[in-house]
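Novice: Please find one structure pasted underneath; my questions will follow.
Residue numbers (the numbering used here): -15 to 157.
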């Protein structure tokens, strides 16, 4: 009977740890998505077209770039903006979840930390390269430096949150 209870406690503890990591990943993802959304709202307001960026990205995603031939005439759409924001938030939650799981591994083995850090740098660089290759129409409508800065701000915000959640994390080569 004791072995059974001990096994249940271990399973329960492991389940609690998994739940904590999922929650941590979702929160980090929402922080990253909100950081980019606020950044582009700021950029769009400065250019005189609030919600223009999520409209362009949503149009590219949901309408297969229909209407992006002349992006300056693209009307801002609250519906497209909300749909894109939802998908964008979900994608960041997935990225945050993966990051939380990898950081949990790095806490157990500090030699993994550098590889994980390198993975995220390559992932960020790969995202920018993929945007240049596959989303050329979108990059004509948006200023690519603003996209790069937005992604770096989101990565920094998520890293700050993860740093707070994992104060004992050490990274070694």
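Backbone N, C-alpha and C fix where the C-beta goes; we use that ideal spot for every residue, glycine too.
Would you call the region 62 to 70 and the region 125 to 143 in contact, with 3 or more CB pairs under 8 Å?
Specialist: Output reads no: the region 125 to 143 does not touch the region 62 to 70.
Novice: For chain B, check one thing: does any of its Cβ atoms lie closer than 8 Å to the Cβ of residue 24?
Specialist: Here chain B cannot be found, since the structure has a single protein chain.
Novice: Looking at residue 126 and residue 40, is the spacing between their C-beta atoms short of 8 Å?
Specialist: To locate residue 40, count along the chain shown from 1; it is residue 56. To locate residue 126, count along the chain shown from 1; it is residue 142. Result yes, Cβ atoms of residue 40 and residue 126 sit closer than 8 Å.
Novice: Grab the span of the alpha helix (DSSP H) containing residue 79 for me, first residue to last.
Specialist: The residue given as residue 79 occupies position 95 in the chain shown. Element bounds for residue 79: 62 to 92.
Novice: For the pair the region 16 to 34 and the region 132 to 145, tell me if three or more CB-CB distances fall below 8 Å.
Specialist: With a cut-off of 8 Å, the region 132 to 145 and the region 16 to 34 count as touching, because enough Cβ pairs lie within range.
Novice: Ordered along the chain, which non-local residues of its own chain (more than five positions away) have a Cβ less than 6 Å from that of residue 32?
Specialist: The count along the chain shown starts at 1 and reaches residue 32 at position 48. For residue 32, where only same-chain residues beyond five positions count, there are no Cβ hits under 6 Å.
Novice: Under DSSP, the alpha helix (DSSP H) around residue 151 begins and ends at which residues?
Specialist: The residue given as residue 151 occupies position 167 in the chain shown. Note, residue 151: premise wrong, no alpha helix (DSSP H); not H, not E.
Novice: When you compare only the Cα positions, how much space is there between residue 105 and residue 112?
Specialist: By 1-based counting over the chain shown, the position of residue 105 is 121. By 1-based counting over the chain shown, the position of residue 112 is 128. Computed Cα separation, rounded: 11 Å.
Novice: Keeping to the same chain, check which residues put their C-beta closer than 8 Å to that of residue 10; ignore five residues upstream and five downstream.
Specialist: Your numbering for residue 10 matches position 26 in the chain shown. Excluding residues within five positions, the ones whose Cβ falls inside 8 Å are 77, 80 and 81.
Novice: If we call anything under 8 Å between Cβ atoms a contact, is residue 97 one with residue 154?
Specialist: On the chain shown, position 113 is the one that residue 97 refers to. On the chain shown, position 170 is the one that residue 154 refers to. Contact flag set, yes.
Novice: Please state whether DSSP places residue 95 in a helix, a strand or coil.
Specialist: What you label residue 95 is simply residue 111 of the chain shown in a count that begins at 1. Residue 95: helix per DSSP, three-state reduction.
Novice: Contact defined as beta carbons within less than 8 Å: I believe residue 14 pairs with residue 84. What is the distance between those atoms, to the nearest angstrom?
Specialist: Mapped onto the chain shown, residue 14 falls at position 30. Mapped onto the chain shown, residue 84 falls at position 100. Residue 14 to residue 84, Cβ: 12 Å. No contact.
Novice: Assuming residue 24 and residue 110 are in contact, meaning their beta carbons sit under 8 Å apart, how far apart are those beta carbons, in whole angstroms?
Specialist: In the chain shown, the residue the question calls residue 24 occupies position 40. In the chain shown, the residue the question calls residue 110 occupies position 126. That belief does not hold up - the Cβ atoms of residue 24 and residue 110 are roughly 21 Å apart, past 8 Å.
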